[in-house]
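Data block below; observations after.
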Amino acid sequence: NLHLFSSFVHPHRTFRWLHFYRLLSTCNMSTSAAKDEKTEHNKKLKAYAFIAITSLINVASIAEAKEVLGSVTGAEDEGQPTQNSGNSTGINLFWGLFTLFLSMIIIFIDVVDIIKNKFDFKTIMDGKLEGYTLLGFVLCWAIGVIFLTRAGGLGYESLNVYFSTWATFFGCCHALNLWLGEKDFVTMQKLCSLSSTLPYWWILWFASIVTFGSAADARRLIVGDDVVTALDSCDVAIGIGLASFLSSFFFILSHYEFLQCNVCMTWMTYGGMFELAVIVVVDIWQVVAVHTLTSAGKIASTISGQGDVATGVDYVPGSNIYFAVWCSVIASMSITVKWKDARAMKFAQTQHEVNEEEGLDVTDDNEEN
4 NLHLFSSFVH PHRTFRWLHF YRLLSTCNMS TSAAKDEKTE HNKKLKAYAF
54 IAITSLINVA SIAEAKEVLG SVTGAEDEGQ PTQNSGNSTG INLFWGLFTL
104 FLSMIIIFID VVDIIKNKFD FKTIMDGKLE GYTLLGFVLC WAIGVIFLTR
154 AGGLGYESLN VYFSTWATFF GCCHALNLWL GEKDFVTMQK LCSLSSTLPY
204 WWILWFASIV TFGSAADARR LIVGDDVVTA LDSCDVAIGI GLASFLSSFF
254 FILSHYEFLQ CNVCMTWMTY GGMFELAVIV VVDIWQVVAV HTLTSAGKIA
304 STISGQGDVA TGVDYVPGSN IYFAVWCSVI ASMSITVKWK DARAMKFAQT
354 QHEVNEEEGL DVTDDNEEN
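Its first residue numbered 4, the sequence shown is counted upward by one per residue in this note's numbering.
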């Protein structure tokens, strides 16, 4: 008591007590901050949960579809072309089971502190193991999308299979993109930040690949004399998909300046009049594609197709073409709308480069003087 009383009487001792208390507070804050950093949960838990949910829906839907449909062998016995004979339940269940169990294990490890303190998945190999795992997820579901949603595939027997397949694939891509951002690698946002039109050129590029591949795959499966219009529309889809792929690929390369040409540098770049002229033409043929391919009786008039492959009469397989052509026309229209913003960004970039060159010239002249 006397010591405490003397501390109040003597100002210097009071100052020492306050300084000691501040040191203790700082140490406690540092300790708790280090503890929080050590026990910080994985920021991609929601992405892993989404992958687990969509994978579970995919697995359950495929299992139910197999019970209802059984093995389709009639068309194969009759010599008719079919994808259904190759829709093995075992291989198609693999994609969902693979991401379901791994994502659940990752979530379990992260939420259980006892396990997390001994085995923190996101810090193993400086986080590279998580990156390799997510890359494996993306590659796995890229193959799964091809198997399940190709023309006449199992995805068209149940739309839960179809939509859960695409949802899981994009969910895996999103999780990998989050990991790239955490590690300061190039993300999709950085990759598409050069202009306002670049993200939509990428969408058009991807949709054109889906259109071309699905149409080429569906063409050999169409059976029947009364579905000639669907067969003809496949040829149109192949041509439109190829033209859209070439135009989008050209301007993607021009954004990243892979196409170096001193003569044509001014007109082939993004934000120029040439881009506007090309995208207007693309808009026209995409509108024609939507009308031609999604009309009644055409290849993209429905998602799940028409007819029965087992009978081999007037069979049109389900395909990705319907959604692909609509994504293409939306992307092309978006490029047209965003072209003015891209032109402004290109003008600002050009002015900045000119100012830098003039500044360098002034500096060189001063050095010479």
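Positions of the beta carbon are idealized from the N, C-alpha and C atoms, including for glycine.
Quick caveat, the model's predicted, so the values are computed rather than measured.
Practice prompt. Look at the alpha carbon of SER304 and the alpha carbon of SER337, and state the distance between them as a whole number of angstroms.
Written response: 24 Å
Worksheet item: Would DSSP call VAL319 helix, strand or coil?
Response: strand
Worksheet entry | At least 3 beta-carbon pairs within less than 8 Å: the region 289-309 vs the region 235-250 | Taking 8 Å as the limit for Cβ pairs, the verdict is that the region 235-250 does touch the region 289-309.
Fill in: With 16 other Cβ atoms within 10 Å as the buried cut-off, status of THR34
In this prediction, THR34 scores a pLDDT of 42, lower than 50, which makes its location untrustworthy; the coordinate-derived value is nonetheless stated afterwards. THR34 comes out exposed.
Practice prompt. With a threshold of 16 other CB atoms inside 10 Å of the CB of PHE261, please say whether the residue is buried or exposed.
Written response: By the neighbour-count rule (16 or more Cβ atoms within 10 Å), PHE261 is not buried but exposed.
Discussion item. Judging by CA-CA distance, which residue of HIS44, GLY174, SER161 and SER247 is the nearest neighbour of TRP288?
Written reply: SER247
Worksheet item: Are the beta-carbon atoms of PHE53 and ASN95 separated by less than 8 Å?
Response: no
Discussion item. DSSP has GLY308 in a bridge; who is on the other side?
Written reply: PRO320
Worksheet item: CA-CA distance, ALA55 and ARG346?
Response: 42 Å
Worksheet item: If we count Cβ pairs, one from each stretch, closer than 8 Å, do we get three or more for the region 155-168 versus the region 57-74?
Response: yes
Discussion item. For a test of the three-state rule: what should DSSP assign to ASP220, helix, strand or coil?
Written reply: helix
Worksheet item: Quick one: Cα of TYR51 to Cα of VAL141, how far?
Response: 13 Å
Fill in: Under 8 Å between C-beta atoms of SER251 and SER211
yes
Worksheet entry | Start-to-end residues for the alpha helix (DSSP H) that takes in MET128 | No alpha helix (DSSP H) holds MET128; DSSP gives it neither H nor E.
Item to complete: Take the Cβ of MET128 as the centre, count every other Cβ of all protein chains shown within 10 Å, and call the residue buried at 16 or more, exposed below.
Response: Exposed, since its Cβ has fewer than 16 Cβ neighbours within 10 Å.
Practice prompt. Return the chain-ordered list of same chain residues with a C-beta closer than 6 Å to the C-beta of LEU183, the five sequence neighbours on each side being excluded.
Written response: THR190
Worksheet item: With C-beta atoms as the reference, is LYS47 less than 8 Å away from LEU181?
Response: yes
Worksheet entry | Pairwise C-alpha distance: VAL114 and ILE206 | C-alpha separation (whole angstroms): 36 Å.
Discussion item. Distance check for LEU138 and LYS131, CA to CA, integer angstroms please.
Written reply: Going from the Cα of LYS131 to the Cα of LEU138 covers about 10 Å.
Item to complete: Check the C-beta distance from LEU224 over to PRO320 and give it rounded, since I have them as a contact under 8 Å.
Response: 5 Å
Discussion item. If you reduce the DSSP assignment to three classes, tell me which class LYS186 lands in.
Written reply: coil
Discussion item. Which residue marks the beginning of the alpha helix (DSSP H) containing ASN120, and which one marks its end?
Written reply: Per DSSP, ASN120 belongs to the alpha helix (DSSP H) from 116-121.
Worksheet item: Between which two residues does the alpha helix (DSSP H) carrying ILE287 extend?
Response: 276-297
Discussion item. Looking only at its chain, what residues have a beta carbon closer than 8 Å to the beta carbon of ALA334, apart from the 5 residues adjacent to it on each side?
Written reply: TYR203, TRP204, ILE206, LEU207 and ALA210
Discussion item. Between which residues of its own chain and LEU26 is the CB-CB distance below 6 Å, once the five residues before and five after are set aside?
Written reply: Summary for LEU26: the model assigns pLDDT 48, below 50, so the residue's position carries little reliability, and this model does not support an answer.
Discussion item. Using only CA atoms, which one of SER331, MET276 and LEU296 lies nearest to ASP286?
Written reply: SER331
Practice prompt. Kindly give me the distance between the Cβ atoms of ALA198 and TYR259, rounded to whole angstroms, as I take these residues to be in contact under 8 Å.
Written response: Per the sequence shown, residue 198 should be read as Ser rather than Ala. Between the beta-carbon of SER198 and that of TYR259 there is about 11 Å, and that puts the pair past the 8 Å contact cut.
Practice prompt. Hey, could you find the ends of the alpha helix (DSSP H) LEU194 is sitting in?
Written response: 191-194
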